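Engineer: Take this structure, written in structure tokens, and hold onto it; I'll ask about it next.
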Amino acid sequence: MKTDLFSVDLIKELQKSEYGAVREEFTEIAFPRNVLIFQSADPADLVFIVKKGRVRVYLAFEDKEFSLAILKKGDIYSTHTRAFVATLDDTVLLTMPTVKFHRFMTFHPIFSRTVMGIFGELLKQSFSIIASLVFKDVTQRLVEFLLHEARSHGRSVDGGISLVVDLTMEQLAAVVGASRQTVSTIINEMVKAGVIVKPGRGEFLLPKLELLQAFPQG
């Protein structure tokens, strides 16, 4: 289960000269951290690009939340889905009405292909999350998350792979679709088993990825 979906930074793309007209049509909006900015059945029909900060896109059912993605600088999303969007940091978004955005895509086919590719990645991630929630337990989902983050963002140090996860325990629990207590318990079990070391808050040292991958059977 991964949080970083997109390899294209649309903020950089929009700096290109051919997108000058597009840039001028976006409205910049700032939000503080840890607030809900869009919700299911929200009347707003906008496309937004993250200019600064991070936002979490998730589904909510009764007392459970399931994260679809954590969007960072340059990522794009639309508000007319059934998902909720909340800030993780102080955030700045570039917003545009969906109808107007579609019109710009018509006249900028290169930009259009980029955007459609990004939404395709998000759709693929959504199916991946559904399959993971149906067929894998919380431990497997947490292991997959840590493995992906280690391979994507980990740093080789003496003793293994050093990884910083910039999420609170509540946010990490939401990413893997579990309660804070459940995730905390599993991490403590991993520490006792020696598959991870916790040097500090949000820090992980993974001695061997193979050990983590085999947990708990290993």
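Residue numbers (our numbering): 1063 to 1280.
Glycine included, C-beta positions come from ideal geometry on N, C-alpha and C.
Nothing here was measured: the structure is a model prediction, and the numbers come from that model.
For my contact list, A1240 and S1129 are in at a C-beta cut-off of 8 Å; report their separation, rounded to the angstrom.
Structural biologist: With a Cβ gap of about 11 Å, A1240 and S1129 do not count as contacting.
Engineer: Would V1154 and K1186 be called neighbours here (beta carbons separated by less than 8 Å)?
Structural biologist: No; because the gap between Cβ atoms is not below 8 Å, this pair is not in contact.
Engineer: Measure the alpha-carbon distance for L1072 versus E1127 and round it to whole angstroms.
Structural biologist: So the alpha carbons of these two residues sit roughly 28 Å apart.
Engineer: List the DSSP bridge partners of I1180.
Structural biologist: Answer is none; I1180 lacks a bridge partner.
Engineer: Apart from the five residues on each side of it in sequence, which residues of its chain come closer than 8 Å, Cβ to Cβ, to T1089?
Structural biologist: Cβ neighbours of T1089 beyond the five flanking positions: L1156, T1157, M1158.
Engineer: For S1190, is the beta carbon positioned less than 7 Å from some heavy atom of the ligand NAD?
Structural biologist: You won't find the ligand NAD in this model; it holds no ligand whatsoever.
Engineer: Consult DSSP for I1249 and reduce its assignment to one of helix, strand or coil.
Structural biologist: If DSSP states are grouped into helix, strand and coil, I1249 belongs with the helices.
Engineer: Mark L1098 as exposed unless 16 or more other C-beta atoms lie within 10 angstroms of its C-beta, in which case mark it buried.
Structural biologist: The residue is exposed, with fewer than 16 neighbouring Cβ atoms inside 10 Å.
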